[in-house]
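Shown next, in structure tokens, is the structure this report addresses.
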Amino acid sequence: MKKILAVSVCFLLFILAGCREMPDEVAKQAETYHMEREVTEKEKTREYLGRKELSADAEQALSKEYENLYFPEKMTAEYALPEKILSVEMKIAENFTDRFEEVGADFVKFAGEELWNQKKDEAEVRDYGIKNEEMGIYFEDFTKCIDDEESKYHLEVGENGFVCQIVPMARELAFEMQKKCLENNYPLYEPASEVEYRLADGVYTVRQAVEDVEEWMNTVWKKYEPDFDYRVNAVSVYQADEETCFFSIDVVKFYKGIMLSNVDWPRDEGEMTEKYIYGGFYIQMHRQGSIDVFSNLGAILTVDEKTERELAESYALSAALQKIEQEFASFHGLKIQDVDVRYILKPLYDYHMSDPCSAGVKIDARPVWGLPLADRERSVREANYQMAHMVFVDMQTGDLEYNLQ
């Protein structure tokens with residue numbers, strides 16, 4: 007009855023709008039109705055808030071005390087909220103091996119022009135696809151590669167945009183993460199360390215390394231993935247030998263202020279498909295300002311802007327933390343390292359026909375509250391570029407997911 011009355015009032019006011027002003031009593035009733043309706047809707051959707059309300063809610067939520075959730079003093083949530091919370095589709099690059107020589111020329115600064123000119127014509131195409139008739143799996147994943155045992159030079163460019171370069175002097179340490187760690191900067195809340203470390207060709211600070219890498223990523227690399235901005239997320243300093251060190255550097259992508267998650271999410275038992283892929287970079291610096299080991303750890307992504315949608319309301323952090331606390335009620339304290347907004351990257355693919363990072367695969371990028379855990383045990387493979395222990399709360403649905411493996 008109230009709804010019918012409201013429609014009738016609105017229609018009548020529309021008819022009479024050109025004749026006379028709205029009577030005070032009618033205006034008052036209309037205002038009361040809209041206030042009641044707003045309160046009702048707010049009560050009904052109190053877990054979801056508009057963008058302007060999210061910041062205040064997050065600040066309030068992080069100032070509270072929880073029975074079994076523990077937070078550090080500094081977190082990125084204060085500045086991690088972008089102007090808009092967006093969902094969007096992305097796509098993995100195709101035919102990127104056509105740009106092999108272009109990539110090699112951009113990396114020649116680190117490998118050396120003489121070596122590149124000697125080896126570029128020796129590049130060969132390899133297929134890392136799977137052909138398994140018994141399981142009905144058949145697909146091809148091509149890369150163009152230089153992998154020279156004599157010079158220890160490696161450059162690989164995949165059809166999907168995977169890029170990896172290892173310069174000769176860094177080959178032996180490229181995957182050696184068991185060396186003594188002298189310093190670990192994660193996350194980089196404040197300017198990086200000014201402590202000097204001796205690299206292979208002289209002393210350098212973590213701050214200088216961060217500045218060099220971010221400048222190169224946001225100028226040279228950006229032409230390959232122009233939709234994103236790039237930021238160093240973590241730096242570890244390792245002892246290379248008795249006299250020298252090297253920097254291990256984690257770089258992440260941002261799309262319109264939202265970080266692309268760099269989580270390597272394990273496959274559920276019995277599942278044949280990967281749930282999420284990661285979108286970060288792994289770099290080692292052995293010489294001043296040099297990118298001596300580089301890998302984008304997967305593929306190059308392009309954004310389909312036609313699919314971009316702004317969330318009118320997003321799941322609030324207060325509701326997310328309440329849900330997490332209930333889920334982990336039996337835990338004796340869950341130590342949370344950080345809170346941020348990030349995209350989780352869900353590949354939309356058929357495992358019979360492709361790999362999650364195969365050329366052309368579409369990606370559903372969904373905004374979530376991301377909470378890396380501080381008490382995670384980081385293995386060699388996970389060291390400073392993949393967070394193994396994570397909690398996600400989807401900002402569209404409120405769904406909670408976590409990985410404590």
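Be aware that the sequence shown starts at 7, since it is given in our numbering, and climbs by one per residue. Beta carbons: idealized from backbone N, C-alpha and C, even for Gly. Source: prediction; values computed, not measured.
Among the options, which residue has its Cα nearest to the Cα of residue i?
| i | options | result |
| --- | --- | --- |
| residue 425 | 305, 279, 267 and 292 | Absent from the model: residue 425. The displayed extent of the chain is 7 to 411, so no value can be given. |
| residue 349 | 370, 332 and 141 | 370 |
| residue 333 | 409, 93, 368 and 311 | 409 |
| residue 302 | 99, 154 and 68 | 99 |
| residue 306 | 317, 299, 263 and 286 | 286 |
| residue 269 | 395, 406 and 58 | 395 |
| residue 329 | 368, 407, 226 and 343 | 407 |
| residue 101 | 380, 404, 405 and 364 | 364 |
| residue 415 | 326, 263 and 313 | Nothing can be reported for residue 415: it is not among the residues displayed for the chain, which extend from 7 to 411. |
| residue 288 | 122, 175 and 300 | 300 |
| residue 345 | 380, 296 and 376 | 376 |
| residue 337 | 69, 73 and 59 | 73 |
| residue 227 | 105, 69 and 58 | 105 |
| residue 296 | 380, 175, 263 and 262 | 175 |
| residue 181 | 279, 254 and 343 | 254 |
Rounded to a whole number of angstroms, what is the C-alpha to C-alpha distance between residue i and residue j?
| i | j | result |
| --- | --- | --- |
| residue 171 | residue 145 | 25 angstroms |
| residue 398 | residue 256 | 21 angstroms |
| residue 167 | residue 304 | 8 angstroms |
| residue 247 | residue 347 | 39 angstroms |
| residue 224 | residue 115 | 16 angstroms |
| residue 51 | residue 357 | Unreliable positioning characterises residue 51 in this predicted model, as indicated by a pLDDT of 42, which lies under 50. The coordinate reading is nonetheless provided below. If I take the Cα positions, the gap works out to 38 angstroms. |
| residue 188 | residue 179 | 16 angstroms |
| residue 42 | residue 54 | Note that residue 42 scores 40 on pLDDT, short of 50, meaning its location in the model is unreliable and no value can be drawn from it. |
| residue 352 | residue 316 | 18 angstroms |
| residue 331 | residue 141 | 42 angstroms |
| residue 64 | residue 309 | 28 angstroms |
| residue 382 | residue 165 | Its pLDDT being 45, under 50, residue 382 is placed unreliably in this model, and the value from its coordinates should be taken loosely. Near 34 angstroms, if we compare the C-alpha coordinates of residue 165 and residue 382. |
| residue 78 | residue 290 | 28 angstroms |
| residue 273 | residue 231 | 27 angstroms |
| residue 258 | residue 128 | 32 angstroms |
| residue 90 | residue 311 | 14 angstroms |
| residue 75 | residue 327 | 8 angstroms |
| residue 120 | residue 108 | 16 angstroms |
| residue 276 | residue 139 | 20 angstroms |
Going by beta-carbon coordinates alone, are residue i and residue j separated by less than 8 angstroms?
| i | j | result |
| --- | --- | --- |
| residue 401 | residue 321 | yes |
| residue 207 | residue 294 | yes |
| residue 201 | residue 211 | yes |
| residue 362 | residue 283 | yes |
| residue 154 | residue 135 | no |
| residue 6 | residue 374 | Residue 6 lies beyond the stretch modelled for the chain, which goes from 7 to 411, so this question has no answer here. |
| residue 209 | residue 298 | no |
| residue 323 | residue 67 | yes |
| residue 56 | residue 319 | yes |
Sorted by chain position, which residues of the same chain lie with C-beta nearer than 7 angstroms to residue i's C-beta, five sequence neighbours on each side aside?
| i | result |
| --- | --- |
| residue 137 | 144 |
| residue 249 | 204 |
| residue 252 | 179, 205, 244, 246, 290, 291 and 292 |
| residue 372 | 93, 349, 350, 352, 400 and 402 |
| residue 30 | Low confidence applies to residue 30: its pLDDT is 47, below 50, so where it sits in the model is not reliable, and the reading given next is rough at best. Taken in chain order, the list of residues that qualify is empty. |
| residue 110 | 122, 126 and 161 |
| residue 130 | 151 |
Whose C-beta lies closer than 6 angstroms to the C-beta of residue i among residues of the same chain, with five residues either side of it excluded?
| i | result |
| --- | --- |
| residue 132 | 149 and 151 |
| residue 281 | 271 |
| residue 177 | 158 |
| residue 162 | 149, 151 and 170 |
| residue 61 | 87 |
| residue 160 | 153 and 172 |
| residue 405 | none |
| residue 113 | 171 |
| residue 325 | 53 |
| residue 359 | 145 |
Hey, is residue i close to the ligand NAP, as in C-beta under 7 angstroms from one of its heavy atoms?
| i | result |
| --- | --- |
| residue 74 | This structure lacks the ligand NAP; in fact it carries no ligand of any kind. |
Look up residue i in the DSSP assignment and say whether it is helix, strand or coil.
| i | result |
| --- | --- |
| residue 78 | coil |
| residue 174 | helix |
| residue 240 | strand |
| residue 254 | strand |
| residue 58 | helix |
| residue 309 | strand |
| residue 103 | helix |
| residue 167 | coil |
| residue 398 | strand |
| residue 247 | coil |
| residue 286 | strand |
| residue 318 | coil |
| residue 158 | coil |
| residue 269 | coil |
| residue 223 | helix |
| residue 415 | An answer regarding residue 415 cannot be provided, because it is not within the stretch 7 to 411 covered by the chain. |
Going along the chain, which residues of its own chain have a beta-carbon closer than 8 angstroms to the beta-carbon of residue i, five neighbours each way excluded?
| i | result |
| --- | --- |
| residue 466 | The structure shown does not extend to residue 466, since the chain is modelled only from 7 to 411, so the question has no answer here. |
| residue 260 | 234, 235, 236, 237 and 266 |
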